[in-house]
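Note sheet for the following structure.
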Amino acid sequence: MSRGPDLFGSYSPGTGPLHRAPLRVKGLGIVAVTLAVVLSPSWPVPAALTLLLLVAGSAAGIGAREWWRGLAPALPVLVLLAVYHVLTSGPAMAADVVLTIVVLLVLTRVLMHTTPLPELLDGVVWLCSPVRLVGADPERIGLAISLMLRSIPFIVGAVGELRDAVRARGLRPNPVRLVTPAVISAVAYAQRTGEALAARGFD
1475 MSRGPDLFGS YSPGTGPLHR APLRVKGLGI VAVTLAVVLS PSWPVPAALT
1525 LLLLVAGSAA GIGAREWWRG LAPALPVLVL LAVYHVLTSG PAMAADVVLT
1575 IVVLLVLTRV LMHTTPLPEL LDGVVWLCSP VRLVGADPER IGLAISLMLR
1625 SIPFIVGAVG ELRDAVRARG LRPNPVRLVT PAVISAVAYA QRTGEALAAR
1675 GFD
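The sequence shown begins at 1475 in this note's numbering and counts up one residue at a time.
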């Protein structure tokens, strides 16, 4: 079964400024963008940041098709949020909410495209190092995030393949026909992952 769509993006080697930037610099940029979006009073700030990140990401090698793969899965939710906020709070609030989500999605895409996953996970482990004080293991937190990043695309891909199989049989896809085989596929994937971890000494 295929791994499924690359929802979060994946690293692509490059030599541009974003690829060469240290992870700590990228981390500071993420904090700055997040604070600017959260503290902004209206939609022009997230709109400007989205445009800036789109330009920066495109310069780093992210093409139109990859942008679409990252944003398309969120479109139904974004449309629902836009309609709800237009009806309850007005167009300005709707634009602010939707663009805030979009800028964070674009930011994630740029980060994943320009940063190798092992380097990114090392940064997460470093950030989580204080949890040692309460007896937790930051390496396990990094491993959990790594598994999540790999599992979600697989599950989405499994559902897509099941939907295509149902259509190929002349049936109409619906949750009743998809949920059971999807759960079985997810459980099988989890079992294989658990066996692989056990073989490497993880309990």
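Where a beta carbon is used, it is the ideal one built from N, C-alpha and C, also for glycine.
Buried versus exposed, by CB contacts within 10 Å (16 or more), residue i
i: residue 1638; result: exposed
i: residue 1611; result: exposed
i: residue 1461; result: No answer is possible for residue 1461: the residues shown for the chain start at 1475 and end at 1677.
i: residue 1489; result: exposed
i: residue 1574; result: buried
i: residue 1475; result: Because the pLDDT of residue 1475 is 46, which lies under 50, any placement of that residue in the model is unreliable, and the number read from its coordinates should be weighed accordingly. It counts as exposed.
i: residue 1583; result: buried
i: residue 1654; result: exposed
i: residue 1507; result: buried
The alpha helix (DSSP H) enclosing residue i, as first and last residue numbers
i: residue 1607; result: Here residue 1607 belongs to no alpha helix (DSSP H), and DSSP marks it neither H nor E.
i: residue 1574; result: 1565-1588
i: residue 1554; result: 1549-1562
For residue j and residue i, believed in contact at Cβ under 8 Å, the rounded distance
i: residue 1585; j: residue 1504; result: 7 Å
i: residue 1527; j: residue 1580; result: 5 Å
i: residue 1656; j: residue 1633; result: 5 Å
i: residue 1511; j: residue 1523; result: 6 Å
Practice problem: Pick out the complete alpha helix (DSSP H) segments inside the stretch 1485-1546, 4 residues or longer, and give them in chain order. | Solution: Runs of the alpha helix (DSSP H) lying entirely within the stretch 1485-1546, each at least 4 residues long, are 1491-1494, 1497-1513, 1518-1533 and 1538-1545 in chain order.
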